[in-house]
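Protein chains in written order, with the numbering used here: chain A, 1 to 55; chain B, 1001 to 1414.
Just so you know, even glycine gets a beta-carbon here, dropped at the ideal spot from N, CA and C.
Please read these numbers as outputs of a predicted model, since none were measured by experiment.
1) If you check the beta carbons only, do residue 1165 of chain B and residue 43 of chain A fall under 7 Å apart?
2) Would you report the Cα separation of residue 1073 of chain B and residue 1156 of chain B, rounded to the nearest angstrom?
3) Taking C-beta pairs closer than 7 Å, name the residues in chain A that residue 1172 of chain B reaches, listed in chain order.
4) So residue 1057 of chain B packs on residue 1374 of chain B, CB below 8 Å; how close in whole Å?
5) When you check each C-beta in the region 1123-1134 of chain B against every C-beta of chain A, which residues fall closer than 9 Å?
6) Is it right to say residue 47 of chain A is buried, meaning 16 or more other beta carbons lie within 10 angstroms of its own, or is it exposed?
7) Is any beta-carbon of chain B found at less than 7 Å from that of residue 17 of chain A?
8) So residue 1086 of chain B and residue 1254 of chain B are in contact, right, with Cβ under 8 Å, and what is the actual spacing, rounded?
9) Quick check: the region 1338-1348 of chain B against the region 1224-1235 of chain B, are at least 3 beta-carbon pairs closer than 8 Å?
10) Give a yes or no on whether the minimum CB-CB distance between residue 46 of chain A and chain B is below 7 Å.
11) Could you name the residues that DSSP lists as bridge partners for residue 1217 of chain B?
12) The alpha helix (DSSP H) spanning residue 1101 of chain B covers which residue range?
13) Leaving aside the five residues before and after residue 1199 of chain B along the sequence, list all residues of the same chain whose C-beta is less than 7 Å from its C-beta, in chain order.
14) For residue 1075 of chain B, which residues in chain A fall below 8 Å Cβ to Cβ?
15) Taking a contact to mean a Cβ-Cβ separation below 7 Å, would you say residue 1148 of chain B touches residue 1180 of chain B in this structure?
16) Pick from A:8, A:13, A:5, A:23: whose alpha carbon is nearest that of residue 1215 of chain B?
17) So is residue 26 of chain A in contact with chain B if we call contact Cβ pairs under 7 Å?
18) For residue 1120 of chain B, is the classification buried or exposed, using 16 other Cβ atoms within 10 angstroms of its Cβ as the cut-off for buried?
19) How about residue 1194 of chain B and residue 1134 of chain B: do their beta carbons lie closer than 7 Å?
20) Check the C-beta distance from residue 1139 of chain B over to residue 1105 of chain B and give it rounded, since I have them as a contact under 8 Å.
21) Starting from residue 1119 of chain B, trace the alpha helix (DSSP H) both ways and give me its first and last residue.
22) For the candidate residues B:1205, B:1158, B:1409, whose alpha-carbon lies nearest to that of residue 1248 of chain B?
23) For residue 1277 of chain B and residue 1213 of chain B, which I take to be in contact (beta-carbon distance under 8 Å), what is that distance rounded to the nearest angstrom?
24) Using C-beta distances below 7 Å, list every residue in its chain close to residue 1448 of chain B, excluding the 5 sequence neighbours before and after it, in chain order.
25) Using 8 Å for Cβ pairs, my map puts residue 1137 of chain B next to residue 21 of chain A. What's the rounded Cβ distance?
26) Who are the near neighbours of residue 1064 of chain B in its chain, counting only those whose CB is closer than 8 Å to its CB and skipping five residues on each side?
27) According to DSSP, is residue 1008 of chain B helix, strand or coil?
28) What is the C-beta distance between residue 1159 of chain B and residue 1004 of chain B, in whole angstroms, given that I count them as a contact (C-beta under 8 Å)?
29) Is the separation between the beta-carbon of residue 1405 of chain B and that of residue 1168 of chain B shorter than 7 Å?
30) Taking all protein chains shown into account, decide if residue 1172 of chain B is buried (16 or more other Cβ within 10 angstroms of its Cβ) or exposed.
31) Taking 7 Å as the CB-CB cut-off, is residue 1254 of chain B touching chain A?
32) Measuring alpha carbon to alpha carbon, tell me which of B:1150, B:1275, B:1082, B:1079 ends up nearest residue 1103 of chain B.
33) Using only alpha-carbon positions, find the residue among B:1295, B:1339, B:1322, B:1127 that is nearest to residue 59 of chain A.
34) Listed in chain order, which residues of the region 1309-1342 of chain B have Cβ atoms closer than 8 Å to some Cβ of chain A?
35) With a floor of 4 residues, list each alpha helix (DSSP H) that falls wholly inside the region 1238-1270 of chain B, ordered by position along the chain.
36) For residue 1118 of chain B, count neighbouring C-beta atoms within 10 Å of its own C-beta (all shown protein chains included) and say buried if the count is 16 or more, exposed if not.
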């Protein structure tokens, strides 16, 4: 899973497989960070709090 | 008692009535938990698995719920990426079903591995050449995507929504839900496919083995396709069951019709691919291994005879495809119900043969068909996710705005 794991090899299998995995984890993490960060900024700037329809 | 928690403008049954229902299902849940603990503390000797059946009832249940839960990723793809806006009225329920199905699948795997305390090995010391490693990675990451998709619905609960931070967070999550939906579709395609790939690469098991496109056997593509095709049928089926239990219409007919139509054409196209695959396997692949088509359907017990492939491909595939692709038949409530039930049974049967018939068929000329009978612990732990799913779906329906059209379809006088 990590380059410091003893069985790690710098080959195509690890690039593709773990590259895909970290890519997906990266997008999810960035997305969540964006949502939480934007919410905090909105609250601080007083933009948040309105009640609208989300759907 | 809990009226303050119930969404605005909708009516729910009384709290005692709801509690009695939950307690009854909760008793079944506890039975499953007891069996699960037996398997964890005493080991896999509690199961009916043997040297021939390393994969058994659990893995069938696992593959079946993952296929049925495919409605979440495919409906999300249609709603957020392709832009089928009408599906916003059923996407919440699709996400709830997906969350239940995938958490159930992970629970089943947690029991099946026998040593759950070492389950992190599959991540940390990953074998990048293993289809199952890909399944484990994509399954667990996609489950986190489903949890993220579920969070805004929880945040819209009447009292939580009153808190500005959570209201705003739910709004912001909705804004970029397409990113999560696209990631979920990417992950789903790979784990659904790899589950099929596990069967297709078994070159020592001619019933399952298929020709490859690069490193992927045809079963890889067929599993992804079938999950996308049949998953929405299960979403519609559970919506209809929910409507039957509550005695209310929860989703407008045009939404159901759209999802059923898309599902019908997906099943139809899947059936074309599946029939070509079956024909090629029966006439080329299997003979190249020294076997004929009927060798795979000669089980003396009568379970694995020709009826099973007829039930899977014709009754559970072609029939629902014909009904769902025909506008007037789809509009008929009874025919629609028959089609979605047959479709759900059909995909479960497909997963059954790809797990259990593969194990049952003899691989050496002097062997007979292998028998397997699940123990009560396996049955209980397979029913456990069903009880858990009923409880979670009931709680979600009672306290969360799962169906956006419910208020409009069932006006309540205050």
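Answer, in terms of the structure:
1) In the second chain, the residue the question calls residue 1165 of chain B occupies position 165. In the first chain, the residue the question calls residue 43 of chain A occupies position 43. Between residue 1165 of chain B and residue 43 of chain A, the CB-CB gap stays under 7 Å.
2) Within the second chain, residue 1073 of chain B is the residue found at index 73, counting from 1. Within the second chain, residue 1156 of chain B is the residue found at index 156, counting from 1. Those two C-alpha atoms are separated by around 21 Å.
3) Within the second chain, the letter at position 172 stands for residue 1172 of chain B. Per Cβ cutoff of 7 Å: 35, 38, 39.
4) As a first step, residue 1057 of chain B must be located in the second chain, where it is residue number 57. As a first step, residue 1374 of chain B must be located in the second chain, where it is residue number 374. The C-beta separation of residue 1057 of chain B from residue 1374 of chain B comes to about 4 Å, placing the pair in contact by the 8 Å criterion.
5) Interface annotation for the region 1123-1134 of chain B against chain A: 1123, 1124, 1125, 1126, 1127, 1128, 1129, 1133, 1134, criterion Cβ-Cβ distance under 9 Å.
6) Counting from one through the first chain, the residue named residue 47 of chain A turns up at place 47. Classification of residue 47 of chain A: exposed, given that the 10 Å Cβ count is below 16.
7) Here residue 17 of chain A refers to the residue found at position 17 when the first chain is read from its first residue. Closer than 7 Å to the CB of residue 17 of chain A there is at least one CB belonging to chain B.
8) In the second chain, counting from the first residue as 1, residue 1086 of chain B sits at position 86. In the second chain, counting from the first residue as 1, residue 1254 of chain B sits at position 254. That belief holds up - the Cβ atoms of residue 1086 of chain B and residue 1254 of chain B are roughly 6 Å apart, short of 8 Å.
9) Yes, the region 1224-1235 of chain B touches the region 1338-1348 of chain B.
10) As a working mapping, residue 46 of chain A is identified with position 46 in the first chain. Chain B has no Cβ within less than 7 Å of the Cβ of residue 46 of chain A.
11) For the purposes of this step, residue 1217 of chain B is taken as the residue at position 217 of the second chain. Residue 1217 of chain B pairs with B:1212.
12) Position 101 of the second chain holds residue 1101 of chain B. In the DSSP assignment, residue 1101 of chain B falls within the unbroken alpha helix (DSSP H) covering 1091-1112.
13) Locating residue 1199 of chain B in the second chain gives position 199, counting from the first residue. Closer than 7 Å at the Cβ level, and outside the excluded window around residue 1199 of chain B, lie 1208, 1219, 1354, 1358.
14) As a position in the second chain, residue 1075 of chain B is number 75, starting the count at 1. Simply none; closest approach about 14 Å.
15) In the second chain, the residue the question calls residue 1148 of chain B occupies position 148. In the second chain, the residue the question calls residue 1180 of chain B occupies position 180. Their beta carbons are under 7 Å apart, which means residue 1148 of chain B touches residue 1180 of chain B by this criterion.
16) Your numbering for residue 1215 of chain B matches position 215 in the second chain. Measuring C-alpha to C-alpha distances from residue 1215 of chain B to each of A:8, A:13, A:5, A:23 identifies A:13 as the nearest.
17) In the first chain, counting from the first residue as 1, residue 26 of chain A sits at position 26. No, residue 26 of chain A lies away from the interface with chain B (no Cβ there is under 7 Å from its Cβ).
18) Here residue 1120 of chain B is taken as the residue at index 120 of the second chain, counted from 1. Counting of Cβ neighbours within 10 angstroms places residue 1120 of chain B among the exposed residues, the total staying below 16.
19) The residue labelled residue 1194 of chain B in the question sits at position 194 within the second chain. The residue labelled residue 1134 of chain B in the question sits at position 134 within the second chain. The answer is yes: Cβ separation under 7 Å.
20) For the purposes of this step, residue 1139 of chain B is taken as the residue at position 139 of the second chain. For the purposes of this step, residue 1105 of chain B is taken as the residue at position 105 of the second chain. That pair is a contact at about 7 Å.
21) Locating residue 1119 of chain B in the second chain gives position 119, where the first residue counts as 1. Unbroken run through residue 1119 of chain B: none, as it is neither H nor E.
22) Looking up residue 1248 of chain B in the second chain gives position 248. Distances from the alpha-carbon of residue 1248 of chain B to those of B:1205, B:1158, B:1409 put B:1409 closest.
23) Numbered from 1 along the second chain, position 277 holds the residue referred to as residue 1277 of chain B. Numbered from 1 along the second chain, position 213 holds the residue referred to as residue 1213 of chain B. About 12 Å separates the CB atoms of residue 1277 of chain B and residue 1213 of chain B; that is not less than 8 Å, and the two are not in contact.
24) This structure cannot speak to residue 1448 of chain B, because chain B is shown only from 1001 to 1414.
25) Sequence index remark: in the second chain, residue 1137 of chain B carries index 137 (1-based). Sequence index remark: in the first chain, residue 21 of chain A carries index 21 (1-based). Beta-carbon to beta-carbon, residue 1137 of chain B and residue 21 of chain A are separated by about 5 Å, close enough to satisfy the 8 Å threshold.
26) Here the question's residue 1064 of chain B lines up with position 64 in the second chain. 1347, 1348, 1351, 1352, listed in sequence order.
27) Translated into positions along the second chain, residue 1008 of chain B becomes position 8. Residue state, collapsed to three classes: coil.
28) Here residue 1159 of chain B refers to the residue found at position 159 of the second chain. Here residue 1004 of chain B refers to the residue found at position 4 of the second chain. Indeed they touch by this definition, with Cβ atoms about 7 Å apart.
29) Position 405 of the second chain, counted from the start, is the residue given in the question as residue 1405 of chain B. Position 168 of the second chain, counted from the start, is the residue given in the question as residue 1168 of chain B. Between residue 1405 of chain B and residue 1168 of chain B, the gap from beta carbon to beta carbon reaches 7 Å or more.
30) Along the second chain, one-based indexing puts residue 1172 of chain B at 172. Looking at its Cβ environment, which holds 16 or more other Cβ atoms inside 10 Å, residue 1172 of chain B is buried.
31) Walking along the second chain from the start, residue 1254 of chain B turns up at place 254. It does not; no Cβ of chain A falls within 7 Å.
32) By 1-based counting over the second chain, the position of residue 1103 of chain B is 103. If you compare the alpha carbons of B:1150, B:1275, B:1082, B:1079 with that of residue 1103 of chain B, the shortest gap goes to B:1150.
33) Only positions 1 to 55 of chain A appear in the structure, and residue 59 of chain A is not among them; the question remains open.
34) Going along the region 1309-1342 of chain B in chain order, one finds no residue with a Cβ nearer than 8 Å to chain A.
35) Runs of the alpha helix (DSSP H) inside the region 1238-1270 of chain B: none found.
36) Taking the second chain and counting its residues from 1, one reaches residue 1118 of chain B at position 118. By the neighbour-count rule (16 or more Cβ atoms within 10 Å), residue 1118 of chain B is not buried but exposed.
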